[in-house]
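K.L.:
4 protein chains.
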Amino acid sequence: MTIRVAVAGASGYAGGEMLRLLAGHPEVEVGTLTAHSSAGTPLGQHHPHLRSLADRVLEPTTPEALAGHDVVVLALPHGASGAVAAQLPDDVLVLDLGADHRLVSADDWSEYYGSEHAGTWPYGLPELLVAGADGTVTRQRENLAGVRRIAVPGCNVTAVTLGLQPGVASGLVDTSDVVAVLAVGYSGAGKALKPHLLAAEGLGSAVPYAVGGTHRHVPEIAQNLRSAGAGPGRDAVGLSFTPVLVPMSRGILATVTARLAPGHEDAADAEIRQAWADTYVAEPFVELLPEGQWPTTAMTVGANTALVQVAVDRRAGRVVTVTAIDNLVKGTAGGALQSMNIALGLHQELGLTTQGVAP
Amino acid sequence: MTIRVAVAGASGYAGGEMLRLLAGHPEVEVGTLTAHSSAGTPLGQHHPHLRSLADRVLEPTTPEALAGHDVVVLALPHGASGAVAAQLPDDVLVLDLGADHRLVSADDWSEYYGSEHAGTWPYGLPELLVAGADGTVTRQRENLAGVRRIAVPGCNVTAVTLGLQPGVASGLVDTSDVVAVLAVGYSGAGKALKPHLLAAEGLGSAVPYAVGGTHRHVPEIAQNLRSAGAGPGRDAVGLSFTPVLVPMSRGILATVTARLAPGHEDAADAEIRQAWADTYVAEPFVELLPEGQWPTTAMTVGANTALVQVAVDRRAGRVVTVTAIDNLVKGTAGGALQSMNIALGLHQELGLTTQGVAP
Amino acid sequence: MTIRVAVAGASGYAGGEMLRLLAGHPEVEVGTLTAHSSAGTPLGQHHPHLRSLADRVLEPTTPEALAGHDVVVLALPHGASGAVAAQLPDDVLVLDLGADHRLVSADDWSEYYGSEHAGTWPYGLPELLVAGADGTVTRQRENLAGVRRIAVPGCNVTAVTLGLQPGVASGLVDTSDVVAVLAVGYSGAGKALKPHLLAAEGLGSAVPYAVGGTHRHVPEIAQNLRSAGAGPGRDAVGLSFTPVLVPMSRGILATVTARLAPGHEDAADAEIRQAWADTYVAEPFVELLPEGQWPTTAMTVGANTALVQVAVDRRAGRVVTVTAIDNLVKGTAGGALQSMNIALGLHQELGLTTQGVAP
Amino acid sequence: MTIRVAVAGASGYAGGEMLRLLAGHPEVEVGTLTAHSSAGTPLGQHHPHLRSLADRVLEPTTPEALAGHDVVVLALPHGASGAVAAQLPDDVLVLDLGADHRLVSADDWSEYYGSEHAGTWPYGLPELLVAGADGTVTRQRENLAGVRRIAVPGCNVTAVTLGLQPGVASGLVDTSDVVAVLAVGYSGAGKALKPHLLAAEGLGSAVPYAVGGTHRHVPEIAQNLRSAGAGPGRDAVGLSFTPVLVPMSRGILATVTARLAPGHEDAADAEIRQAWADTYVAEPFVELLPEGQWPTTAMTVGANTALVQVAVDRRAGRVVTVTAIDNLVKGTAGGALQSMNIALGLHQELGLTTQGVAP
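So the protein lines, in turn, are chains E, P, A and G. According to the numbering used here, the first sequence is numbered sequentially starting from 45. According to the numbering used here, the second sequence is numbered sequentially starting from 45. According to the numbering used here, the third sequence is numbered sequentially starting from 45. According to the numbering used here, the fourth sequence is numbered sequentially starting from 45.
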């Protein structure tokens, strides 16, 4: 079986990482690559690290260019993928790396993105816990088999969700006052030419941004925590979210804390730890590290792994979780490839690794 | 007036930074420099960046070597300064850069440091707010004039305290559930030869440590917030504290959040912001940045400044403050020099700058 | 076919990278892992990024532990592998990542390493040009088929050799006065706990070492350039070699310059460029970049590629070549795996990639 | 005495560093600050690390705005300062941080900069050796007293010149085949918004540029080496020059090698070393480090020091020198301030330090 995959927006970081992984996928043939202002130039000019594809020439992003593929990956600016997707056949698997189809609530979308909502697609986080009205908990993976449209999650969203959801689904933590602070690498900010993204500015510095709850990933995280059992209402989740750019090219380290839920203040450490262990014991890409070992972003570079650790701070009355991912792999292109595998009925680990490139 | 200053423990990062600043202080003459295992070697072997002192030879740390100075700086490992200080004359100004004399509570000391408490010295954070029983608020500066023993605060403690105390003293924030996550440079971890402190391990990675409330700075921060008005009891402050090493040699960026206090949930942004502005309007080394501008560690490198910004996240119901300092300057040696100036009746800004070395 | 591979010295950076690659090799089964002081501890404690092998326990390095494997990789300190290798059966393929068996000249060995020469093994640089007495030029690859002992080259050696040898074999450059300056990442310095290898020291700094021709890679580079056609005598090659540690965890960027050879001063740029193009046109892992594009280390992270560019500086009368590699992949473990594939008659690209992990 | 200093082009890195130093100069009052596209905005928006000047508003760069100052610093793009300087009174001291007035040869200028030559000003490198026709060697410092126009050297030029000139003036080294490779921090590339200057691209990478002798600093270095004694003709100096961007915000580490001059091949190490020692023994800002200690850029951050070391590689027949400077201080603004002090008859060390900010 050979799957032909086209990538729209191949000149950006997300598109480039998608190509790095696709080039190593045993069942995939890389098809058309498109771009906007870079159309007509060779890929090697934008991603010289992708040697096997360096001579590929980027085409303009048109329905014709994207036709004739089994899978189309949209690595476009937020707000741009809706229009392109609308022109693609229903039987083609479309993976949207942008935000356009992630949010269920049109109000959330318009409030944080300010444009018209393009609609909601199946959410591409296979490990997301889905709490049913009857108290059962399933996983989003089950909702991805056979689908032809997938909204790939935001990178910060993936890190925060995977770190906290076991406590939510188990009812052990209170979601009304969650605090998340993330150390984020610069590739997460994209290739936009902005002064604060210059190396001279970032080297040797820690730079907070979107402080005070304005980051667009806030409603998406809340949506996921509600899925995991926080309850339906918008008020079910209170989240203080602060990302901080630090001098690394890749990686997200998410420190997420939440109070123990009322009635569970005295839950034993072992019981709390067990909730995380049980959630991820069968997951190939999400792992609770051995007790006492804390994740670092270096452990995950180039890998599709999310590494998690949890501790209870009795004096503070808070559970503290730390999650490390590679923002471009598990946080974007790797997660997308994993969801593609599931949607197409392939082994979900095809073309992905759990070994990080370290040191 | 010439002040002769000796530095015990001159081979470490704190001692080296103290010397960098002392060498530029108009009223100071650098006296004896001592070390333990490095005794007998020239300073230039340990701090080649300090050219004017490179040929100074380190002596063993003895009362004789430290005699005959107006000021003695102790830059020794935690637990070591108590014994040395006990042998120094009462009329010599002793600045302890270590933790030995910071904590008021012997219980806190034994719980977090595990040795016998060496006693409490006047606390060297001039800008610390001191809430009186009668409701008046003074500053620790007033308690430093003329003293001959000063306990210099921990670097992380200074960042978290300066960031949050205006909200505490004004009663606007609730101290029962404070969450602090810090991005910390490697010089804060000292010169100890540990595998996780190697450049190969730290470059390109974000590395959490002392997660779950075990960091020794926790009780010191709580002590300061109680001073600022959180109330006397140990339960008056709940603090979740997580430091994360990031790839920079210097700097601390402290993101600190706390809920709005009961009854103040509807306080206007302007009112909240004013509390921070009023607190620091007259302080030369602590500054609330213009609205919308967030501090970065690069702004403070080499300077004695603490740069603060505050915002209110209405949806999360939390005040978010971010504070940037140079851990070795305002966080250690600069703060010590400022306190020395105050204790000796000099202008507190002597030998210190507010201009950071950036980019 | 399944190849059982043991790794001696699995706790170090070279051993860890070997395991990262072996874990992804389709024909390999990772066998026994050994260590010295770390024997008895799980691999995950030393290489937490290698998730699939994290629970493997390290055994002491003994002939018994290494018995029963098809391949044994020696990732031991220089000077230690000779003794271990002597105890291994002749029919086992032994890959020595250390220097012990690289040098042909016992004098070179004793002069630069100061111990007794362990003997010379087939040299594991498949792309090395071998100039015959009859003027024919072959490649070292031909000498690796079927061998059972391979000396893996030094990382800096690989970068400098691949960058310059096309000019040597073609006779276009003069090898009597070669100058090489390398920007080197910290993983190249290993895991030794030395003060100058601390993150606090390396971050934001450029640090030269082994300046003045004392680096142990000097005689090995000269040996290779003689192989490529510089001529037999020790005086055939003059080399000024200076490595500089820069703040990155991986990577070597080698800038190598040499004068145009007498009689070739007027060789056209195109002719010179063609010598490099011809040498590497059929090599899967060494590539001359398109004219005008210069290699960076980021392009090669995690990949087995050596990226080369060449220019002629007419005013200086020198050819300038720049070569980028990942010191742990093409510079060590990847090159070793490639040679293993060749020795065992497998496709040389098995388990290796040309796609770098960037940005 | 109070010197009023205006800075034209205050929003860039060179202008910002000039202001950092001017703010600490005891005799200086910072006057008008101008900019081009940033006119009308506060300085704090561009240089938030300069707290004492943060509220200063940038004015358009006009003769009126720059009038009424004792000193005017031009921190403008190459090619722009000539026109502005022409409008300034003769009795005002003008420091040009740009390249416009550095080169003596109009041919060199037009060849490397492609515009019309603005003329040559006294060269602002006080330590530059000036070999007279009669064999005497003086220093450029003597030519700066009382001048009213100063061309500040290029940062790379300063590093290479100071590292090699003792060998040139002493006749010990041959200047016909000099090879220089530099590790350069990103602030040296300025604030221009170019993709390869993004943090995501630079972090974890080494990036060569202007390879093959095309860098504009080449003719300026040759001019200096001729001044130091290489002889008058353009052919007197052969220079291979390669700069490599490495992940640090500041600093230049220049590795410069040259062959021993004919007749001096057997010069003793001590004699060679003495040439460097004698040249810099009385210089406050240029220092030959103790034998065996090599400079690093971290030693010089924020300081006006150039740290030099020299060794002889007998096998290669080359002298190897390594020089470290802070590109923005000794390489630009600090060197300018030093020259300003000399021109105005002040102590040359005023407002400058030899202590680096490290680690």
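Every residue, glycine too, gets a C-beta built ideally from N, C-alpha and C.
1. Please report the straight-line C-alpha distance between E/Trp165 and A/Asp114, rounded to a whole angstrom.
2. Does DSSP classify G/Leu372 as helix, strand or coil?
3. Is the segment 253-265 of chain E in contact with the segment 350-359 of chain P, if contact means three or more CB pairs nearer than 8 Å?
4. Does the distance from the C-beta atom of A/Tyr230 to that of P/Ala350 stay below 8 Å?
5. Check P/Ala360 in the structure and name its three-state DSSP category.
6. How many angstroms separate the CA atom of E/Ser220 from the CA atom of A/Glu245?
7. With DSSP as the reference, label E/Val228 as helix, strand or coil.
8. Give the straight-line distance between the Cα atoms of G/Asp279 and G/Gln267, rounded to the nearest whole angstrom.
9. In or out: E/Glu186 buried (at least 16 other Cβ within 10 Å) or exposed?
10. How long is the line joining the alpha carbons of E/Leu97 and P/Ala368, rounded to whole angstroms?
11. So, with DSSP's three-state summary, where would you put A/Glu309?
12. Could you check which residue in P/Ala298, P/Leu390, P/Leu396 and P/Glu331 has the C-alpha nearest to that of P/Val364?
13. With DSSP as the reference, label G/Pro86 as helix, strand or coil.
14. Cβ atoms of A/Ser154 and A/Asp140: under 8 Å apart, would you say?
15. Mapping the DSSP letters down to three states, classify G/Glu331 as helix, strand or coil.
16. Check whether the Cβ atoms of A/Leu396 and A/Asn348 lie closer than 8 Å to each other.
17. Any C-beta of chain E sitting closer than 8 Å to the C-beta of P/Trp153?
18. Counting C-beta neighbours from all protein chains within 10 Å, is the total for P/Pro334 16 or more, i.e. buried, or is it exposed?
19. Indicate whether the contact test is met: 3 or more Cβ pairs, each with one atom in the segment 197-211 of chain P and one in the segment 370-377 of chain P, closer than 8 Å.
20. With a threshold of 8 Å between beta carbons, is G/Tyr230 in contact with chain E?
21. If the cut-off is 8 Å on Cβ atoms, which residues from the segment 73-85 of chain E count as contacting chain A, listed in chain order?
22. Starting from the beta carbon of P/Lys235, find every residue of chain A whose beta carbon is closer than 8 Å, and list them in chain order.
23. Residues of chain G with CB under 7 Å from E/Ser293, in chain order?
24. Could you give the distance in angstroms between the alpha-carbon of A/Val72 and the alpha-carbon of A/Met45?
25. Is the CB of G/Gly382 under 8 Å away from at least one CB in chain P?
26. Could you have a look at E/Gln337 and say whether DSSP puts it in helix, strand or coil?
27. On a CA-only basis, which of G/Leu94, G/Leu87 and G/Ala326 is nearest G/Pro104? Give me that one, please.
28. Confirm, please, whether the CB-CB distance from P/Val217 to P/Pro287 is below 8 Å.
29. Taking the C-alpha atoms as reference points, what is the distance between A/Val117 and A/Ala52?
30. Note down, in chain order, each residue of its chain lying with its Cβ closer than 6 Å to the Cβ of G/Arg260, except the 5 sequence neighbours on either side.
31. Answer with yes or no whether the minimum CB distance from E/Asp357 to chain P is below 8 Å.
32. Show which residues of chain G have a CB atom less than 9 Å away from the CB atom of P/Val345.
33. Any beta carbon from chain A within less than 8 Å of G/Leu139's own beta carbon?
34. List the residues of chain P whose Cβ lies closer than 7 Å to the Cβ of E/Thr301, in chain order.
35. Following the continuous alpha helix (DSSP H) through E/Ala377, name the residue where it begins and the one where it ends.
36. Taking the alpha-carbon of E/Ser383 as reference, which of E/Gly68, E/Ser159, E/Thr301 and E/Leu188 has the nearest alpha-carbon?
P.N.:
So, from the data block:
1. 50 Å
2. coil
3. Because the criterion of three Cβ pairs below 8 Å is met, the segment 253-265 of chain E and the segment 350-359 of chain P touch.
4. no
5. coil
6. 43 Å
7. strand
8. The straight-line gap from Cα to Cα measures roughly 11 Å.
9. exposed
10. Spanning the two alpha carbons is a distance of roughly 43 Å.
11. The three-state reading of DSSP puts A/Glu309 in coil, since its state is none of H, G, I, E or B.
12. P/Ala298
13. strand
14. no
15. strand
16. yes
17. no
18. By the beta-carbon neighbour count (other beta carbons within 10 angstroms, threshold 16), P/Pro334 is exposed.
19. yes
20. yes
21. none
22. By Cβ distance, chain A contributes Pro239, Leu242 and Ala244.
23. Ala244, Leu247 and Gly248
24. Rounded to the nearest angstrom, the two C-alpha atoms are 8 Å apart.
25. First, the residue type needs correcting, since residue 382 of chain G is Gln and not Gly in the sequence shown. It does not; no Cβ of chain P falls within 8 Å.
26. coil
27. G/Leu87
28. no
29. 6 Å
30. Tyr156
31. yes
32. Within chain G, His93, Val345, Gly346 and Val401 have C-beta atoms less than 9 Å from the C-beta of P/Val345, given in sequence order.
33. no
34. Val223 and Ser284
35. Run containing E/Ala377: none; DSSP gives neither H nor E here.
36. E/Leu188
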